[in-house]
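Residue numbers (our numbering), protein chains in the order written: chain A, 1 to 285; chain B, 286 to 468.
First comes the structure, then the notes that go with it.
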Ligand SMILES: Cc1cc2nc3c(=O)[nH]c(=O)nc-3n(C[C@H](O)[C@H](O)[C@H](O)COP(=O)(O)OP(=O)(O)OC[C@H]3O[C@@H](n4cnc5c(N)ncnc54)[C@H](O)[C@@H]3O)c2cc1C
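Here's what the structure looks like:
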């Protein structure tokens with residue numbers, strides 16, 4: 001199917017983007033990699049009046065180091081992320097999850113920022129950003145603001161990015177040394193989208209788990225932190241038994257959806273199994 | 286209308302396109318490059334895969350305006366001077382197709398994969414072409430074709446390196462005992 005007609009703008013700086021968003025009329029959409037927006041436009045579920053293409057805004061693309069964070073530009077593609085040495089060193093969880101996203105063609109175009117703003121409950125990067133306590137830098141007509149991941153994901157396909165605003169970059173705290181990480185994902189072979197997945201980052205100290213951060217993919221309309229599991233793990237012995245006992249709490253308080261791939265109770269079961277696997281691997285067990 | 290300049294399979298084009306025109310439609314309808322096909326039209330099947338600046342993309346999920354200034358390669362541009370590309374040749378020799386509809390996209394994705402990994406294992410080939418669906422072959426001979434092409438491109442005509450059991454166009458016998466058992 002062919003999308004409805006639209007006006008096309010191709011700015012080259014963030015300031016020009018904001019101006020194009022302000023002048024674009026009633027329904028303006030930014031186009032990042034287009035790997036979610038174009039399918040939706042083809043189905044005419046979206047028919048924006050104006051499309052603002054971020055493809056030429058060089059300042060939005062790339063990964064850099066800033067003190068104790070690494071900063072990922074919103075337009076950094078999934079392929080760029082996979083090839084990036086800083087990500088590999090300080091946020092291997094991001095690389096591991098990104099490698100499971102879609103296929104090589106989609107990863108060549110789809111972007112880190114686009115995947116986060118799109119906020120599909122089955123998308124892999126939102127739970128990872130939540131588990132890593134990422135910060136989101138958003139530009140708007142009134143300037144820039146930075147908000148934490150816990151405030152960024154608001155509802156189904158909805159984030160804190162408002163009309164007229166733009167996600168500029170995402171700051172990931174550098175986690176290295178005693179941190180181990182793993183993304184455990186369950187999906188059908190023919191479809192990369194997660195039925196359920198679990199992102200775990202674990203810090204070990206003297207045979208114990210000092211701290212664990214766990215994000216759940218597709219266990220509700222937004223990504224979730226498995227707080228009960230995190231609390232149960234804090235200070236626990238790093239043994240398979242202790243991890244399994246803590247992981248049993250993973251689905252507490254969740255209300256996942258039922259669909260063709262899985263019923264809600266099956267998703268809850270998967271969450272406990274995948275949490276055990278993700279934490280065990282992250283803790284080096 | 287928006288003016289775009291693209292190079293496609295080595296030739297330069299300046300054209301006016303509607304911003305909503307998908308790259309695949311521009312290639313097929315405006316340039317007559319019908320070697321690239323539309324399969325699912327839902328970004329899933331990969332039949333429409335082409336390269337934009339050397340990277341495989343699904344051309345049903347890119348607007349033609351996004352390719353402005355880019356170098357596009359389609360299945361029609363991979364052969365050199367009347368010679369098939371080694372991956373095309375391998376699909377032919379290893380019987381890597383039946384109906385042939387997925388083949389242009391399979392080949393474009395495989396060339397992209399081999400650029401990154403010149404000697405992929407069976408599993409790496411399967412992962413490398415996970416964005417391309419084939420409803421005929423069951424993938425066995427496609428995987429063989431890609432590994433055969435890889436060996437050829439590495440300058441080793443004798444076949445894939447790791448396990449030498451792959452013979453050209455050999456019928457897959459993995460299911461044979463089961464079939465025989467039923468007979
Ligand atoms: C076949 C297929 C399989 C896929 N499988 C997976 C998978 O397994 N896991 C997964 O996580 N994802 C998957 N995806 C989605 C993929 O990761 C997309 O890249 C991603 O969801 C959207 O990123 P994009 O850059 O293409 O954004 P676009 O499609 O360009 O934009 C998506 C939305 O975000 C908005 N937006 C984008 N960037 C910004 C910004 N900087 N500021 C404000 N708003 C912005 C757009 O306006 C639009 O509403 C799949 C996609 C396809 C086509």
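Positions of the beta carbon are idealized from the N, C-alpha and C atoms, including for glycine.
Using a Cβ-Cβ cut-off of 8 Å, state whether residue 395/B counts as contacting chain A. Here the question's residue 395/B lines up with position 110 in the second chain. Closer than 8 Å: no.
Taking 8 Å as the threshold, find out whether the region 107–121 of chain A comes into contact with the region 156–173 of chain A through three or more Cβ pairs. yes
Taking C-beta pairs closer than 8 Å, name the residues in chain A that residue 347/B reaches, listed in chain order. Counting from one through the second chain, the residue named residue 347/B turns up at place 62. The answer, in chain order, is 34, 38, 109.
Give a single yes or no on whether residue 115/A has its beta carbon closer than 7 Å to a heavy atom of ligand 1. Position 115 of the first chain, counted from the first residue, corresponds to residue 115/A. For ligand 1, at least one heavy atom lies less than 7 Å from the Cβ of residue 115/A.
Quick check on residue 43/A: does DSSP put it in helix, strand or coil? Position 43 of the first chain, counted from the first residue, corresponds to residue 43/A. The answer is coil: DSSP assigns residue 43/A none of H, G, I, E or B.
Closest by C-alpha distance to residue 435/B, when choosing among 374/B, 389/B, 384/B: The residue given as residue 435/B occupies position 150 in the second chain. Among 374/B, 389/B, 384/B, the Cα nearest to that of residue 435/B is on 374/B.
Is the CB of residue 195/A under 8 Å away from at least one CB in chain B? For the purposes of this step, residue 195/A is identified with residue 195 of the first chain, where counting begins at 1. Not an interface residue.
Closer than 8 Å, CB to CB, is residue 6/A near chain B or not? Locating residue 6/A in the first chain gives position 6, counting from the first residue. Closer than 8 Å: yes.
Determine the chain B residues that contact residue 87/A at a beta-carbon separation under 8 Å, and present them in chain order. As a first step, residue 87/A is located in the first chain; it is residue number 87 there, counting from the start. Correct list: empty, because the minimum Cβ distance to chain B is about 17 Å.
So residue 390/B packs on residue 426/B, CB below 8 Å; how close in whole Å? Locating residue 390/B in the second chain gives position 105, where the first residue counts as 1. Locating residue 426/B in the second chain gives position 141, where the first residue counts as 1. So it is not a contact: roughly 16 Å between Cβ atoms.
Residue 42/A versus residue 204/A: straight-line alpha-carbon distance, rounded: Within the first chain, the letter at position 42 stands for residue 42/A. Within the first chain, the letter at position 204 stands for residue 204/A. Taking the straight line joining both Cα atoms gives about 48 Å.
Does any residue of chain A have a CB that is nearer than 8 Å to the CB of residue 308/B? Position 23 of the second chain, counted from the first residue, corresponds to residue 308/B. Taking Cβ atoms only, chain A never reaches closer than 8 Å to residue 308/B, which makes this a no.
Got a sec, what are the start and stop residues for the alpha helix (DSSP H) residue 266/A sits in? For the purposes of this step, residue 266/A is identified with residue 266 of the first chain, where counting begins at 1. It spans 264–282 - the alpha helix (DSSP H) in which residue 266/A sits, taken as one unbroken run.
So that I know if they touch, is there some Cβ in chain B lying closer than 8 Å to that of residue 138/A? Residue mapping note: residue 138/A aligns to position 138 of the first chain, counting from 1. Answer no: the Cβ-Cβ gap between residue 138/A and chain B never drops below 8 Å.
Between residue 133/A and residue 270/A, what straight-line distance do the alpha-carbon atoms span, to the nearest angstrom? By one-based count along the first chain, residue 133/A stands at place 133. By one-based count along the first chain, residue 270/A stands at place 270. Residue 133/A and residue 270/A: Cα-Cα distance of roughly 24 Å.
So the beta strand (DSSP E) residue 340/B belongs to, where does it begin and stop? Within the second chain, residue 340/B is the residue found at index 55, counting from 1. Here the beta strand (DSSP E) through residue 340/B covers 340–343.
Could you tell me whether any Cβ in chain B is nearer than 8 Å to the Cβ of residue 1/A? Numbered from 1 along the first chain, position 1 holds the residue referred to as residue 1/A. Chain B contact via Cβ: present.
Indicate whether at least one CB of chain A lies closer than 8 Å to the CB of residue 288/B. Here residue 288/B refers to the residue found at position 3 of the second chain. For residue 288/B, the answer is no, since every Cβ of chain A falls outside 8 Å of its Cβ.
Which two residues bound the contiguous alpha helix (DSSP H) that contains residue 397/B? As a first step, residue 397/B must be located in the second chain, where it is residue number 112. First-last of the alpha helix (DSSP H) with residue 397/B: 388–401.
Does the CB of residue 342/B have a neighbour CB from chain A at under 8 Å? Translated into positions along the second chain, residue 342/B becomes position 57. At least one chain A Cβ lies under 8 Å of residue 342/B.
Does the Cβ of residue 111/A lie closer than 7 Å to at least one heavy atom of ligand 1? In the first chain, residue 111/A corresponds to position 111, counting from 1. Residue 111/A: yes, Cβ under 7 Å from ligand 1.
Quick one: grab the DSSP three-state call for residue 447/B. For the purposes of this step, residue 447/B is taken as the residue at position 162 of the second chain. Annotation note: pLDDT 49 at residue 447/B (below 50); position unreliable, coordinate value reported separately. Here residue 447/B sits in coil by DSSP.
Would a check of beta-carbon distances place residue 42/A closer than 8 Å to chain B? Translated into the one-based positions of the first chain, residue 42/A becomes position 42. Judged by the 8 Å Cβ criterion, residue 42/A is in contact with chain B.
Would you say residue 362/B faces chain A, with C-beta separation under 8 Å as the test? Stepping through the second chain from its first residue, residue 362/B is reached at position 77. No, no contact with chain A.
Mind the definition here: the region 391–398 of chain B touches the region 406–414 of chain B only if three or more C-beta pairs lie below 8 Å; say whether that holds. yes
Using the Cβ count rule (16 or more neighbours within 10 Å means buried), how would you classify residue 448/B? Your numbering for residue 448/B matches position 163 in the second chain. Only weak support is given to the placement of residue 448/B: the predicted model assigns it a pLDDT of 45, under 50, and the value that follows is read from those uncertain coordinates. It counts as exposed.
Identify the contact partners of residue 106/A in chain B, using a Cβ-Cβ distance below 8 Å as the criterion. Counting from 1 along the first chain, the entry for residue 106/A is found at position 106. Result: 328, 343, 346, 416.
Which complete alpha helix (DSSP H) runs does the region 129–179 of chain A hold, if anything under 4 residues is left out? 149–152
Below 8 Å on the Cβ atoms is my contact criterion, and I expect residue 438/B with residue 403/B to pass it. Report the Cβ-Cβ distance as a whole number of Å. For the purposes of this step, residue 438/B is identified with residue 153 of the second chain, where counting begins at 1. For the purposes of this step, residue 403/B is identified with residue 118 of the second chain, where counting begins at 1. Indeed they touch by this definition, with Cβ atoms about 7 Å apart.
Can you find a heavy atom of ligand 1 that lies under 7 Å from the Cβ of residue 221/A? Counting from one through the first chain, the residue named residue 221/A turns up at place 221. Outside the cutoff, so no.
Check residue 188/A in the structure and name its three-state DSSP category. Taking the first chain and counting its residues from 1, one reaches residue 188/A at position 188. If DSSP states are grouped into helix, strand and coil, residue 188/A belongs with coil.
Determine, for residue 119/A, whether the minimum Cβ-Cβ distance to residues of chain B falls below 8 Å. For this step, residue 119/A is matched to residue 119 along the first chain. No, no contact with chain B.
Whole runs of the beta strand (DSSP E) within the region 46–107 of chain A, excluding any shorter than 3 residues: 50–53, 63–66, 69–73
Does any residue of chain B bring its CB to less than 8 Å from the CB of residue 271/A? As a working mapping, residue 271/A is identified with position 271 in the first chain. Not one chain B Cβ lies under 8 Å of residue 271/A.
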